[in-house]
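Okay, so here's the structure we're looking at.
Residue numbers (our numbering): -17 to 260.
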């Protein structure tokens, strides 16, 4: 006779968990500190009493973007000189306020990332005994550090098309990244409009959750999604995928290394901190 005892997914009395995954775009030292004083402490803040939550964030090591003056980076530009925010970023990693590398930096509009920058940045973090476990891709064009998709960061070489040699990819870094300790990756393509992962999901359930009247909800949802083709495409991929609504999916990068791809909830048009309430 079995007792029916089983291991809970979450410690009692909790039945779920929420993780906020924030990319470093447009972050400033002031906004970073203000948000995390509100999220992570019990202090009085401009937003009200602090929430005392365990909320992490991401950072950049470099910037080479000619159109954006990114001030919340570890190094000055793409130099080897730690910038004025280096100490703030180190302290954030130690406190758990920063747990994600949003690629090595912002290379929008210009490019310029190389393996040497990855080596230098990860060596600097290791010198301070700092480790990050999560990676999120940044944008697309010019950010060849990205993994999978249009990125070259996990492609060690390009084939010679019948020749007896291959061309090494200057932006390849996935082996360095894994050696540093990164195991969880968002490749920039899997953005879900479904709240709550790792639960059964179907098209019928999707429509039921849009409102109290199933038919009205279905029509309202379809109309909204037809007006937003990117969201419709993302959710259709999810509902038709082999692993629908999985939070973590084991994946093999193009260099043979193993990571976990994770799914993020959100909408491209609501990507700023001011949109969090939506």
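Ideal Cβ placement from N, Cα and C applies to all residues, glycine included.
Check                                                                                                                                                              : Outcome
Does DSSP classify residue 20 as helix, strand or coil?                                                                                                            : helix
Helix, strand or coil for residue 11, going by three-state DSSP, please let me know.                                                                               : helix
Can you tell me whether residue 98 is buried or exposed, with buried defined as 16 or more other CB within 10 angstroms of its CB?                                 : exposed
Below 6 Å CB to CB, which residues in the same chain sit around residue 194 once its five sequence neighbours on both sides are set aside?                         : For residue 194, the predicted structure reports a pLDDT of 48, less than 50, and the residue's modelled location is therefore unreliable. A value from the coordinates is still provided. Hits under 6 Å: none found.
Beta carbon of residue 180, beta carbon of residue 229: below 8 Å?                                                                                                 : yes
What does the Cβ neighbour count give for residue 82, buried or exposed, with the cut at 16 atoms within 10 Å?                                                     : buried
Take residue 254 and list the residues in its own chain whose beta-carbon comes closer than 8 Å to its own, dropping the five residues that flank it on each side. : 8
Using a Cβ-Cβ cutoff of less than 8 Å, which residues in the same chain neighbour residue 58 once the five nearest sequence positions on both sides are dropped?   : 64 and 65
Tell me, which residues are paired with residue 140 by DSSP?                                                                                                       : 149
Does residue 241 pass the burial test, meaning 16 or more other C-beta atoms within 10 Å, or should it be called exposed?                                          : buried
Following the continuous alpha helix (DSSP H) through residue 70, name the residue where it begins and the one where it ends.                                      : 68 to 77
I want to know whether the region 241 to 250 touches the region 165 to 178 - three or more CB-CB distances under 8 Å.                                              : yes
Look at the alpha carbon of residue 34 and the alpha carbon of residue 150, and state the distance between them as a whole number of angstroms.                    : 47 Å
Would you kindly check if the distance between the Cβ of residue 78 and the Cβ of residue 115 is under 8 Å?                                                        : no
Could you give the first and the last residue of the continuous beta strand (DSSP E) run that contains residue 243?                                                : 240 to 244
How about residue 121 and residue 169: are their beta carbons less than 8 Å apart?                                                                                 : no
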